[in-house]
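Step one of this worksheet: look at the structure below.
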Amino acid sequence: MMISVKDFSFSIGGKQILFDVAFDLPKGAYLSILGPNGAGKSTLLKCLLRLHEKGTAKGSILIDGKPLEGYSQKGLARLISYVPQAGGWIPPFTVQELSKLSRFPYISGLSGLTKKDVEAVDRALETTGLTAMRDRPLKTLSGGERQKAFLAAAVAQETPIMLLDEPASFLDPHHTSEMEKLLIRLNQEQGLSMIAVTHDLNHPAKTKGLALILRKGRVMYFGDVPGLLGKGVLEEAFDHQFVYLENPKSGLPVILAE
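In this text, residue positions in the sequence shown follow the numbering used here: the first is 230, and each later residue adds one.
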């Protein structure tokens, strides 16, 4: 398993956020994490990235068979890349500079970028369609373009695992569709193991992957899309009623809130 979470609980400041979370992510799988606001989705993602070191954790997280705490920072960065939510602070870099920074796990001492590093950055910009924007400052880009720039940096990091925190939030339908297609291509063509926190209930069906639902910090569903659509799973998770349709073009299920 690329990621194995066993009975993992997490609290910070005396407040418990995650309770006995457990799931296994096979190599090359795509996992969508769903759930109401405040369910612990982003917290779980940050725990996988070891960004919540001040909290108290119980249970275990294994990355490629090794305990998470057994990795150095650079070692972990060679395995896991991260795409943050859109919005917020904009780094004072160009698109290309941002991707170059993501090569830090492979740079030793005071050495600069190698030919291999430069080639990785070039491939990432080409993959995400940003080659022509490589010299544009991030602050001059639209929200969709900027989010693709963060994705390009994660691609340039060349990790087998990619974590994404609401990658399509604040994006219009066109850029949302572009982002989804890019992620699916990275997963299916390049074999990246991916975990994405999302509020889009239709995202798991599009990725043809797995889904995990958190509610009040506990896993209430983990499995495939057909299981997600049955037995009132979503209704219980979100305390809301949904309508289930079929997309006439793709044949994929479509979930609408009543």
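We treat Cβ as the ideally placed atom computed from N, Cα and C, and that holds for glycine.
Buried versus exposed, by CB contacts within 10 Å (16 or more), Thr285: exposed
Residue span of the beta strand (DSSP E) that contains Thr285, given as start and end: Thr285 to Ile292
When Glu326, Gly459 and Lys435 are compared against Asn416, the one with the closest alpha-carbon: Lys435
Test item: CB-CB of Leu457 and Val448 under 9 Å: no
C-alpha distance - Glu418 paired with Ile246, whole-angstrom precision: 35 Å
Phe333 versus Lys303 - alpha carbon distance: 8 Å
Proximity below 9 Å, CB of Gly257 to CB of Leu439: no
Whole-number beta carbon distance between Gln314 and Glu395, since they are thought to touch under 8 Å: 5 Å
Segment limits, beta strand (DSSP E) that includes Leu263: Tyr259 to Leu263
Best match in Lys437, Glu465, Ser310 and Gly446 for proximity to Gly452 [C-alpha to C-alpha]: Lys437
Presumed contact (8 Å Cβ cut-off) between Ala381 and Ala353, rounded CB distance: 5 Å
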